[in-house]
Amino acid sequence: MLDLRAQYESIASEIRAALDEVLTAQQFVLGPQGEALEQEVAEACGTRHGVGVASGTEALELALHACGVGAGDEVIVPAFTFIATGSAVSALGARPVFADIEPATFNLDPTQIETRITPRTRAIVVVHLFGLAADMDPILAVAAKHDIPVVEDNAQSIGASYQGRKTGSMGRAGCLSFYPSKNLGAYGDAGMVVTNDEKLAARLRSLRNHGQTGRYLSTERGWNSRLDELQAAILRVKLRHLADWTAARQAHARRYDVLLGDMPGITLPRVPAGREHVYYLYTIRVAGRQAKNGPGEVTPSDVVQQRLADRGIASMVYYPVPLHLQPLYASLGGKPGDFRVSERASREVLSIPLYPELTPAQIERVAQALREVLRG
Ligand SMILES: Cc1ncc(COP(=O)(O)O)c(C=O)c1O
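As numbered in our numbering, residues 251 to 626 make up the sequence shown, in order.
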């Protein structure tokens, strides 16, 4: 699915020089690399502030906490996303309230939000899944009507845009993950919250550092959640290449669109007008019989995945179990049929290899294998 070694080889000398600088300075936590990265990432996201933290998950936790989410509160979350979107809410003692997605974009359906708002709703988390922005205008409108902050889970979509605005810059806070496989990936865990709200940024800086507002002076309980200098130095090098890498992802996606466009039985990613997709993943839908969700059920995408594997081609199902059907959330009473669009997506999605260093020959080979499988 991914060849991180190929990417490393293309930037090894830059990375080693950057690491050398940190090793010479011997400052490893909260230093000049982190500060510079915060400014550079904030600028890339079209925001005024960036606050580096230890992971994308903690970016979500700290941002939600800083927006006032606490024990007993409710937070609206799409049912189809990576588990961290929900577990960040749970970690604060709050309850995720799931909402369904749009079939075409896999993102939160704006029409599914309002009926889930209660007096306990403290935030709405919007996920920009797979590299594509959610339909933000109607989401921001319903949030503004009820005076509820929107937190953007932008773990998968750095650089994507919606009507000329960057993902992560439209809500109260945007949360980034620099997990190694991400479009901008560290060599370990790291994350960031970006925001235009100066007060929120200051609070986040304190929260990530034990709630300290002065030297050994804590005003509230915080986290130890910092982005270290070695990761920051690596990310600064990689950020300089991000625009080129994103352009390569987009070019590869266009090639897949051409090679697979006439295949019956699959649906290719669709990009609504006014949005720029950054293709963290190239995710197709494999149509098939609509069975009930159940343990051991073989889905249409499982069949194609196995046949691609037989031909030496990797593919992955992101995500096979929607959040409301996760064992973690059994106590919330979710059951099959609650969120039909999410459940159907979990049976039909299949992501095929797409990363900047993929060669034209590799793209042809993946597409050819997929065509054979679908014809078979
Ligand atoms: C949509 C989404 N949210 C949150 C996260 C959590 O990020 P991290 O792995 O950096 O904690 C990820 C990635 O792993 C993700 O894909």
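Glycine included, each C-beta is placed from N, C-alpha and C at the ideal position.
What you are looking at is a predicted structure, and each value in this text was computed from that prediction instead of being measured.
Tell me the rounded alpha-carbon separation between residue i and residue j.
i: G583; j: L573; result: 11 Å
i: L518; j: F428; result: 27 Å
i: K432; j: Q462; result: 31 Å
i: N357; j: F330; result: 8 Å
i: R590; j: D350; result: 8 Å
i: G538; j: T307; result: 34 Å
i: A275; j: L489; result: 21 Å
i: P522; j: V272; result: 43 Å
i: H299; j: R615; result: 43 Å
i: M442; j: M420; result: 15 Å
i: N404; j: H378; result: 6 Å
i: Y529; j: Y466; result: 43 Å
i: A321; j: G343; result: 4 Å
i: V508; j: V554; result: 20 Å
i: A268; j: D397; result: 44 Å
i: D387; j: C425; result: 19 Å
i: A619; j: A595; result: 23 Å
i: R504; j: T368; result: 43 Å
i: A493; j: V301; result: 21 Å
i: P282; j: I265; result: 17 Å
i: L626; j: P550; result: Note on identity: in this sequence residue 626 is Gly, with Leu being the wrong assignment. Taking the straight line from one Cα to the other gives about 13 Å.
i: Q576; j: E547; result: 15 Å
How would you write the range of the alpha helix (DSSP H) that residue i sits in, first residue to last?
i: Q462; result: Q462 -> not in any alpha helix (DSSP H); beta strand (DSSP E) instead, spanning 462–464.
i: G381; result: Note, G381: premise wrong, no alpha helix (DSSP H); not H, not E.
i: A595; result: 590–598
i: Y258; result: 254–275
i: V392; result: 386–395
i: H307; result: Contrary to the premise, residue 307 reads as Thr rather than His in this sequence. From DSSP, the alpha helix (DSSP H) with T307 extends over 306–316.
i: L620; result: 610–625
i: V291; result: 282–294
i: V339; result: 333–341
Determine whether the beta carbon atoms of residue i and residue j lie at a separation below 7 Å.
i: A410; j: E526; result: yes
i: S475; j: R458; result: yes
i: V279; j: D447; result: no
i: G472; j: H491; result: no
i: T361; j: A383; result: no
i: S520; j: A354; result: The residue you asked about is not Ser; residue 520 is Arg in the sequence shown. Yes, the Cβ-Cβ distance between R520 and A354 is below 7 Å.
i: I389; j: V376; result: yes
i: P328; j: V339; result: no
i: A256; j: E470; result: no
i: A313; j: A423; result: yes
i: I333; j: I374; result: no
i: L558; j: V599; result: no
i: I602; j: Y532; result: yes
i: L287; j: A452; result: no
i: A341; j: E293; result: no
i: D323; j: R366; result: no
i: R393; j: V400; result: Contrary to the premise, residue 393 reads as Ala rather than Arg in this sequence. A contact, by the Cβ cut-off of 7 Å.
Mapping DSSP to helix, strand and coil, what is residue i?
i: K432; result: coil
i: R458; result: coil
i: K585; result: coil
i: Y506; result: helix
i: S411; result: strand
i: D494; result: helix
i: T361; result: helix
i: P560; result: Looking at the sequence itself, residue 560 is Asp, so the reference to Pro does not match. Helix at D560.
i: D552; result: helix
i: T371; result: strand
i: E448; result: helix
i: G524; result: coil
i: S468; result: strand
i: S475; result: coil
i: S601; result: strand
i: V319; result: coil
i: V487; result: helix
In terms of residues, what are the limits of the beta strand (DSSP E) holding residue i?
i: E324; result: 324–328
i: D403; result: 400–403
i: R535; result: 532–536
i: A349; result: 345–349
i: G441; result: 441–445
i: G424; result: 423–427
i: L301; result: Note on residue identity: the sequence assigns Val, not Leu, to residue 301. Note, V301: beta strand (DSSP E), 299–303.
Under 7 Å between C-beta atoms, does residue i make it to chain C?
i: R486; result: You won't find chain C in this structure, because it holds only one protein chain.
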